[in-house]
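Using my numbering, you'd call the opening residue of the sequence shown number 10 and step up by one each time.
We put the beta carbon where it would ideally sit given N, CA and C, even for glycine.
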Amino acid sequence: MEEKRLLSKDEVYFLVFFSNFFIGSIILSNRYHFDSIRSFFIFAGEDPFPFTLFFIVFFCCLYYLFKILIKKYPLRNFIKSNDV
């Protein structure tokens, strides 16, 4: 029988940050009624604390996504295969 592999620590962190980012975007859009990206940045200038937390979660989400991609698909192999 095939043994199931558990999620790595980075994958769990990514899922947590992604879900927090998704929930945060819903909460912020409902509270501030965004109709465009311009209004998003206008409200970010007026009430910076929730938006700062939102961007921190977004960048953490990107960090773990890139960490997972680099671990699963090493760039070293990609660079060597395209070397002339």
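According to DSSP, simplified to helix, strand and coil, what is residue i?
| i | result |
| --- | --- |
| F43 | coil |
| P4 | What is shown of the chain runs 10 to 93, which leaves residue 4 out entirely. |
| E20 | helix |
| K80 | helix |
| L15 | coil |
Which residues in the same chain have their Cβ closer than 6 Å to the Cβ of residue i, if we skip the five residues on either side of it in sequence?
| i | result |
| --- | --- |
| K70 | Inspection of the sequence shows that residue 70 is occupied by Cys rather than by Lys. Here the set comprises F26, F27, F30. |
| F60 | A53 |
Would you mind giving the Cβ-Cβ distance between residue i and residue j, rounded to the nearest angstrom? I have them listed as a contact below 8 Å.
| i | j | result |
| --- | --- | --- |
| I19 | I77 | Sequence inspection shows Asp at residue 19; the Ile mentioned does not correspond to that position. Contact holds; Cβ gap of about 5 Å. |
| F63 | G33 | 5 Å |
Using the Cβ count rule (16 or more neighbours within 10 Å means buried), how would you classify residue i?
| i | result |
| --- | --- |
| L37 | buried |
| F75 | exposed |
Which same chain residues end up closer than 7 Å to residue i when comparing Cβ atoms and leaving out the 5 residues on each side of it in sequence?
| i | result |
| --- | --- |
| F23 | C70, Y73, L74, I77 |
Nearest-angstrom Cα distance between residue i and residue j?
| i | j | result |
| --- | --- | --- |
| S45 | K81 | 36 Å |
| R40 | F49 | 11 Å |
| R14 | F43 | 41 Å |
| R47 | P57 | 15 Å |
| F68 | V21 | 16 Å |
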